[in-house]
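Protein chains in written order, with our numbering: chain Z, 1047 to 1387; chain X, 1047 to 1387; chain C, 1047 to 1387; chain L, 1047 to 1387.
Written out below as structure tokens is the structure these notes cover.
Protein chains: 4
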Amino acid sequence: MANIVVNGVGTVGKRVAHAVRKQDDMNLIGIADVSPSPVLRTVLEEDAPLYGTPLYASVPEKIEELENEGFYVEGNLPEFLDMGEVDVVVDCTPSGVDEKNKGMYQEKDVKAVFQGGASASIAPVSFNALANYDEATGKDFVRVVSCNTTSLSRTLWSLDSSFGIEKAIGNLVRRGGDPVQDSRGPINSIVPVTEIPSHHGPDVQEVMPGLDITTLAVKVPTTLSHLHMVNVDLSKEVSREDVLKIFKKTPRVKLLRAEEGYSSTAKVIEKFRDKRLRYDMPEVVVWEETVETEGKRLYWIHQVHQESIVVPENIDAIRSMLGMSKRSESIEKTDKNLGIR
Amino acid sequence: MANIVVNGVGTVGKRVAHAVRKQDDMNLIGIADVSPSPVLRTVLEEDAPLYGTPLYASVPEKIEELENEGFYVEGNLPEFLDMGEVDVVVDCTPSGVDEKNKGMYQEKDVKAVFQGGASASIAPVSFNALANYDEATGKDFVRVVSCNTTSLSRTLWSLDSSFGIEKAIGNLVRRGGDPVQDSRGPINSIVPVTEIPSHHGPDVQEVMPGLDITTLAVKVPTTLSHLHMVNVDLSKEVSREDVLKIFKKTPRVKLLRAEEGYSSTAKVIEKFRDKRLRYDMPEVVVWEETVETEGKRLYWIHQVHQESIVVPENIDAIRSMLGMSKRSESIEKTDKNLGIR
Amino acid sequence: MANIVVNGVGTVGKRVAHAVRKQDDMNLIGIADVSPSPVLRTVLEEDAPLYGTPLYASVPEKIEELENEGFYVEGNLPEFLDMGEVDVVVDCTPSGVDEKNKGMYQEKDVKAVFQGGASASIAPVSFNALANYDEATGKDFVRVVSCNTTSLSRTLWSLDSSFGIEKAIGNLVRRGGDPVQDSRGPINSIVPVTEIPSHHGPDVQEVMPGLDITTLAVKVPTTLSHLHMVNVDLSKEVSREDVLKIFKKTPRVKLLRAEEGYSSTAKVIEKFRDKRLRYDMPEVVVWEETVETEGKRLYWIHQVHQESIVVPENIDAIRSMLGMSKRSESIEKTDKNLGIR
Amino acid sequence: MANIVVNGVGTVGKRVAHAVRKQDDMNLIGIADVSPSPVLRTVLEEDAPLYGTPLYASVPEKIEELENEGFYVEGNLPEFLDMGEVDVVVDCTPSGVDEKNKGMYQEKDVKAVFQGGASASIAPVSFNALANYDEATGKDFVRVVSCNTTSLSRTLWSLDSSFGIEKAIGNLVRRGGDPVQDSRGPINSIVPVTEIPSHHGPDVQEVMPGLDITTLAVKVPTTLSHLHMVNVDLSKEVSREDVLKIFKKTPRVKLLRAEEGYSSTAKVIEKFRDKRLRYDMPEVVVWEETVETEGKRLYWIHQVHQESIVVPENIDAIRSMLGMSKRSESIEKTDKNLGIR
């Protein structure tokens, strides 16, 4: 059993912590944060997923603030790490804070998983379970790439393995903010990333170094998910049926048909509202009708649930780092425990 | 045990069916619909709340369409009703269809609960559990009032019982559509109801006949919930603490503090994403800081989750119609089974 | 002829400057700003409203930055004010900056108009042309109240003068940001002001000191305009026709009928897109159908174009301060020059 | 002088009529419509662009309805066409109605321009001024292609003429509706066109028959404009400077720099709010920073003002059909008269 702590209980942190709790080969032995946020308050309530998890202050000087707001605090994270019980810290703190925390993890000699908001240099491996699971094995630090990059890594790795990819171009339509980030816009505007490539292409290359990929991105007034319009030049001519076959057997890629009513990001999300807390959807959803080929060129459109897509990758990263399972075993176990089919 | 069928599996129907399943004194013995909608498909899947519920075609001629889309159909609703097993049909079909169905229910001599989209004349009682539970007892037809009316009935009935109300004015900021209704606007506009009062005031009077109430309403570009700004002239001078005390003990009214981070409709909803499927929130959430008095005048702002607020009222309506429980027992039982505290 | 400078060329400043240019008793002898913003760039282009207006740096140390970006800068504002040609500076700088500028205006002995973002203490008079034009006469500093306050002052002053007001309650539905403020949210949320009254009520009382008014406010995802749902207890019983008659003859209040197609904020704005640059709409638009009475109680809903409603008030404030015209003359002249009928 | 009538005074019709009025070689001798819409009411008011234009009922049986609403109606369009004064009707009626009108125009022997909402078969030429001006010369019927197609035709024709195009892929992010279409969604969703190619690619091929182009499209919650992310394989390697040079000299293509503050669709539109009624922007705006090359591959992002981009093309179509001017003369004249530089 691996002993895990999640540091930073926000959008990703609360989900990873919940996911760790659902694994039968991991213990969530603590969560840590710095302030009495509404997230922290909520997830520790009696009817919520993290009820009963020991809470630590990420830094000693924050204990008092948490206690003043009525939280029971076990202690502070640095001292807890000194006790030698923690195998991996999953760091979900804001970008910038994670860099500072890395020093502490090194000092305490504890392994850590970082998130895609950090720069690639924070860890020797930028991780995607499908694409480079084995590279994380034995590493002290691993960075799970961000939501958009994860979706591209899954789909492109799968196609590249099967057919070879000459060139990939991703056109990203990003959500303005998560539902809870209601101070963020845009309200009635589309905001292009005017640097081409956007940072997503190079980030995919951290996971798949040889891949020729360029990404463009815009931001739109929606909170539910990102959407990608992708076109890829494959190394050989394939039919759309060939591609559908590959996508169907790729873990964490799900085909849905618009004609069955799943015809927009909201309508896809609605499906998961009836199934999973927080309508979490770690699968990349590809609209089946949009998979289309022209000779060696392939097109499709997919949807990315920015809040949850990286959750299974965090779990797999832990197993790889600790040498707990082989790739396919880990992916299968994670998915079964999270209800991903 | 009461045997219940839900006719019409949409936004409200799927939730009522799920809620019936959670009661220990009711059986959900069937659901009925007319077409292979994505909702129907989803909720019957193996990992979804209504998995295993017998499905009927609401009308005989729709069996084939459902079967062609792969659904297993037990039969049609009219024939099923003939078998005499059904105690109450909860009709959640679209407005207009419910009127037609009423004839069938009369013919089959089965009791039915209708929803607030129907005109008040569809049933002798327009129902709210707090305000007029007993009036539904023994009735064949009951109409559960709609989401906005339910929220006003709960809060105003409670205040009227405690302090007396001279005049109530509700200013409603309505969501443009539910998340899944993505063909509905407005996108960047505010649409006023130019008839004053809007229909909500008279609808509250169906539940509380003597109440002097006027409502104004506008529609805005959001999908998560409605919001009401209310001002009330009470019969006597009270303090805000008096009012908070009353709201705290009113079932299905919940006080939340913006200063704890629940400072918008999205941030309140986020709390329930971590707790309940579909982030259902049948409670009226009153922002505690907004409860303010000026002599006999009282102000507050509350939030209404349009998709789920009427769910517990449907359950209570069933119990009242069948004489299964007293008001306070039914409310308590319903709330316990739905996780409402 | 009054010589006017506008300091701060943003949303309000550019409009006031343009409006000054349209008056036959005023000269716009300069505009001033601190940085090469897109607004400044645009309005000085050859086909734009402020083409040819001398540009000053608001502070000496900003000349270089402006010049480096290709602007021709006449000099700096403090030195320009020393030359004694400026009668009034209309200060449209951001809140906080205006307070600092006030010291300079005092030192240079030049009159100034401030905007409603400043606290009321910045000037001895919080100004609305209808309500207290004469109070500004001869004053060195005047503050034109903000957009929502202006709309309430116009409508309430007019009713109070005609019928007397016992109590006014405004329920404000505010836009999240102006069209150009696309980093502001909320995207899919409604954000209540949890302090009651919101600051708008007390701000109206700066203009109409004896008025009993309470305001509530929420923010919604739209950029075009604010909307108010108002209920007022009058001193006597009146008919809706009485009220319509008063509104019809109140300057800068315009009645529109939803049934003629002006049924939302977007549809009202569309009317002005065909008539005025920037679809400026300094009029408060009251939906005629929403004017409704119940004995002494009056209801209505009105729309406020946040970007332009204060423009005519700024012009009138100048005339009053300099003793150039009587109230009715100034209002009439301003409106004629701005195309307001 | 060409005598022009515009039939159908909606979003496009009112703009084309206004544009005709601004030409020195055309007379707007009438507009026609079927109902007293708010658009019609507005544009004929004294301070509006079409004040004084003779109004006809598009069909005889609609005269009465218009007159009852206070419009002065000159007569009906079919009879007016019989008088032989009209050279060209610009038909801006809804899709479907235009097909029916075509029969009348044939019968009356009058030339007509149709809009892109009609199917390509309505006219022998699908028109774009740059790409195929001469093909319309002498034709009785011409169809001006729709907004997105126009933007692609301008940019792609210009590149194809200069460098040759092997393959073009357009990824379209479409607005949900125009500002005034506030019953249209989506509110918080992204809706993909699940057919690939979307209809835009084949429509560009109506204008540029040999071009290899594929388009993908999604719809987002915004009203201001469409946005395209384009990638093109050119026939030869070029630098971004080469491309910028071409775009700079292409009529109706405008380069703007995000770093000067024009960093979103709203911020670009804001520029035109200060310059033109209705913030009309018939130019395709390309963000200069997004023009990027990789060998023979070219990327860019552009913005399309859906309401006005086809206006100059309608004017040019008239001139070409009547043989009034050569292509370059017509484009230059149109642009000068509309303030396009």
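Built from N, CA and C at the ideal position, the CB exists for glycine as well.
By the criterion of Cβ-Cβ separation under 8 Å, what are the contact partners of residue i in chain Z?
i: VAL1134 (chain C); result: Within 8 Å Cβ-Cβ: nothing; VAL1134 (chain C) doesn't reach chain Z, min ~35 Å.
i: VAL1219 (chain L); result: VAL1219, ILE1236, VAL1264 and VAL1266
i: TYR1097 (chain X); result: Correct list: empty, because the minimum Cβ distance to chain Z is about 10 Å.
i: GLU1340 (chain L); result: THR1260
i: LEU1273 (chain L); result: ILE1236, PRO1238 and VAL1264
Output yes or no for whether 8 Å exceeds the beta carbon distance between residue i and residue j.
i: ARG1387 (chain L); j: VAL1337 (chain L); result: no
i: ARG1373 (chain L); j: ASP1180 (chain L); result: yes
i: LEU1302 (chain Z); j: LYS1294 (chain Z); result: no
i: LEU1270 (chain Z); j: ARG1221 (chain Z); result: yes
i: VAL1284 (chain Z); j: VAL1332 (chain Z); result: no
i: ILE1168 (chain L); j: GLY1216 (chain L); result: no
i: CYS1138 (chain X); j: GLY1076 (chain X); result: no
i: PHE1209 (chain L); j: SER1141 (chain L); result: no
i: VAL1051 (chain C); j: VAL1143 (chain C); result: no
i: VAL1171 (chain Z); j: VAL1356 (chain Z); result: no
i: PRO1238 (chain L); j: PRO1267 (chain L); result: no
i: ASP1228 (chain Z); j: SER1235 (chain C); result: yes
i: VAL1080 (chain C); j: LYS1060 (chain C); result: no
Please list the partners that residue i has in chain L, where partner means a Cβ-to-Cβ separation under 7 Å.
i: THR1088 (chain C); result: LYS1317 and ASP1320
i: THR1269 (chain X); result: ILE1233 and ASN1234
i: ARG1324 (chain C); result: ARG1319 and ASP1320
i: GLU1306 (chain C); result: PRO1084 and ARG1087
Taking the beta strand (DSSP E) that residue i belongs to, which residues open and close that run?
i: LEU1262 (chain X); result: 1259-1266
i: MET1275 (chain L); result: 1272-1280
i: SER996 (chain C); result: This structure gives no information on residue 996 (chain C), because the portion of chain C shown stretches from 1047 to 1387.
i: ASP1071 (chain X); result: Counting along the chain, ASP1071 (chain X) falls outside any beta strand (DSSP E), and DSSP gives it neither H nor E.
i: VAL1052 (chain Z); result: 1048-1053
i: VAL1159 (chain L); result: 1157-1160
Mind pulling the chain X residues with CB within less than 7 Å of residue i?
i: ASP1228 (chain L); result: GLY1231, PRO1232, ILE1233, SER1235 and VAL1237
i: ASP1093 (chain Z); result: LYS1321 and GLY1385
Cβ closer than 7 Å: which chain C residues qualify as neighbours of residue i?
i: PRO1084 (chain Z); result: The premise fails here: PRO1084 (chain Z) is roughly 14 Å from chain C at the closest Cβ pair, so nothing lies under 7 Å.
Whose Cβ in chain Z lies nearer than 9 Å to the Cβ of residue i?
i: ASN1277 (chain L); result: ILE1215, ASN1217, THR1260, LEU1262 and ASN1277
Relative to the C-alpha of residue i, which candidate in the options has its C-alpha closest?
i: VAL1264 (chain Z); options: L:SER1204, L:LEU1218 and L:ILE1361; result: L:LEU1218
i: THR1088 (chain Z); options: X:ARG1319, X:HIS1348, X:LEU1384 and X:VAL1058; result: X:ARG1319
i: LYS1342 (chain X); options: X:SER1192, X:GLU1212 and X:GLY1369; result: X:GLU1212
i: HIS1274 (chain C); options: C:GLU1340, C:GLU1252, C:ASP1381 and C:THR1196; result: C:THR1196
i: THR1261 (chain X); options: X:GLY1307, X:VAL1253, X:ALA1214 and X:LYS1291; result: X:ALA1214
i: ARG1322 (chain Z); options: X:SER1081, X:VAL1066 and X:ALA1094; result: X:ALA1094
i: ASN1053 (chain X); options: X:GLY1247, X:PRO1124 and X:LYS1068; result: X:PRO1124
Could you work out which residues of chain X lie near residue i, taking near to mean beta carbons separated by less than 8 Å?
i: GLY1056 (chain L); result: Those within 8 Å of GLY1056 (chain L) in chain X number zero; the least Cβ separation is about 18 Å.
Let's see if you can read the secondary structure: which residues bound the alpha helix (DSSP H) around residue i?
i: TYR1179 (chain L); result: First-last for TYR1179 (chain L): undefined, no H or E at that position.
i: ARG1373 (chain X); result: 1373-1384
i: LYS1294 (chain C); result: 1286-1295
Starting from residue i, find everything on chain C with Cβ-Cβ shorter than 8 Å and list it in chain order.
i: ARG1067 (chain L); result: Going along chain C, no residue has its Cβ under 8 Å from ARG1067 (chain L), so there is no contact; the nearest lies around 13 Å.
Can we count residue i as close to the ligand GTP, meaning its CB is less than 7 Å from some heavy atom?
i: GLY1142 (chain C); result: Only the bare structure without any ligand can be found here, which leaves the ligand GTP out of the picture.
Along chain L, in chain order, which residues have C-beta atoms closer than 9 Å to that of residue i?
i: GLY1369 (chain C); result: Going along chain L, no residue has its Cβ under 9 Å from GLY1369 (chain C), so there is no contact; the nearest lies around 31 Å.
What residues from chain C crowd round residue i, counting only those whose CB sits closer than 9 Å?
i: GLU1241 (chain X); result: GLU1335, THR1336 and GLU1338
Threshold first: 4 residues or longer. Then list the alpha helix (DSSP H) segments lying entirely within the region 1073-1151 of chain L, N to C. 1084-1089, 1109-1114 and 1123-1128
Sequence ranges, beta strand (DSSP E) only - wholly within the region 1301-1384 of chain Z, length at least 3: 1330-1333, 1338-1340 and 1343-1350
Which whole runs of the alpha helix (DSSP H) in the region 1208-1243 of chain L are 4 residues long or more, in chain order? none
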